[in-house]
Every structure is written in structure tokens, then in C-alpha cells.
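Taking it in order: structure first as C-alpha cells, then the write-up.
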Amino acid sequence: CKVTAMGYEKFTLNLYAISKDNESIKKYCKIDIVPVPLTKLDLNLTRKAARVGEKFELYPVYTPENVSKKIVSWKVGDGSVVSIDSNTGIVTCLKEGETKVTATWLSGSTRFDATCDVKVLPKDNPGGGADNLDFEFWN
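In the working numbering, the protein residues as written are 8 to 146.
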């Protein structure tokens, strides 16, 4: 017999088994399931520079990796600069500007936030071939 149980909150799993061959053989088992709590939330990127029309992916990095609840909500500081698909974490750069994208993990009264600073540059590149953008633009 194999039992896999997962949950976001603590709960008790009661198992009661009866033998197929001899119904007088019965076993009862009580299992307390304790979720693995989150201790830290990060994002795969903390800063990103991209051009209007480009897309990139943000995803949460959970510590520990085997945390029981792996669900975040997303918020964009200025939705006219970027948008984010809350299901995929794909960020779309809409117009030139700067904003923050925040992931929030919430369980009961415990909350963790992680942010990515985003700078969206013009679509064209009049200065020449700087295809690998970084945050030197922010100095």
C-alpha cells in the first residue's frame, strides 16, 4: 500500500484497511500531515531591462524547494509599462518606463514578497547594437 498526502495546512489522515482474503484482519492508522513551511521567497530575476514589445519570464524560487504551497499572486506597479500573465509569469513590455513586479505568497497570516525591478527601453536602438541589456542604463 502506498499513500501520498499533501496539504497546505496541517491535517490528519485516517486510514482503515481490511484484508481481501480475511475480513477479520483490520488495521487502522492515523497519520498527521504537517506541511513544509516557506522560509524565503525570491524571483528568478531581481532586475531586468528589456525593450518595448519584448517578453520575458518571471518565476518564484521557493526555499525550501519542497515547500507545500507553491502558489503566488502577481502585482505590477505600473500596468501601463508591463503586464504579467498570472498563470505563466510571462511579462510583456508595453511602453518605455520603469516599474516593479511583485510576487506574493500568502498562507494564513504568513506573507512573503519578492520583487523584480523592470526598465523598459524604446523598441528601436538608435545607439547601435547593444543587444545584451543590463542595468548600466540605471546609473
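Every residue, glycine too, gets a C-beta built ideally from N, C-alpha and C.
Computed from a prediction, not measured in an experiment: that's the story for all the values here.
Residue interval of the beta strand (DSSP E) (run including residue i)
| i | result |
| --- | --- |
| T109 | G104 to S114 |
| P67 | P67 to T70 |
| V41 | Here V41 belongs to no beta strand (DSSP E), and DSSP marks it neither H nor E. |
| V125 | T117 to L128 |
| V89 | V89 to I91 |
| K76 | Taken as a continuous stretch (DSSP letters only), K76 belongs to no beta strand (DSSP E), as it is neither H nor E. |
Sequence-distant residues of the same chain with beta carbon closer than 6 Å to residue i, five excluded per side
| i | result |
| --- | --- |
| K62 | I97 and T99 |
| T109 | K82, D120 and T122 |
Other residues of its chain near residue i: CB distance less than 7 Å, five sequence neighbours each side excluded
| i | result |
| --- | --- |
| N51 | L65, Y66 and V68 |
| D85 | G104 and T106 |
Residue environment, residue i, which counts as buried when at least 16 other CB atoms sit within 10 Å
| i | result |
| --- | --- |
| T53 | exposed |
| A121 | buried |
| K17 | exposed |
Assumed close pair residue i, residue j - CB separation to whole angstroms, cut-off 8 Å
| i | j | result |
| --- | --- | --- |
| I91 | V83 | 6 Å |
| T19 | D49 | Actually they do not touch by this definition, with Cβ atoms about 33 Å apart. |
| A56 | K126 | 5 Å |
| V74 | P44 | 7 Å |
| L128 | R58 | 5 Å |
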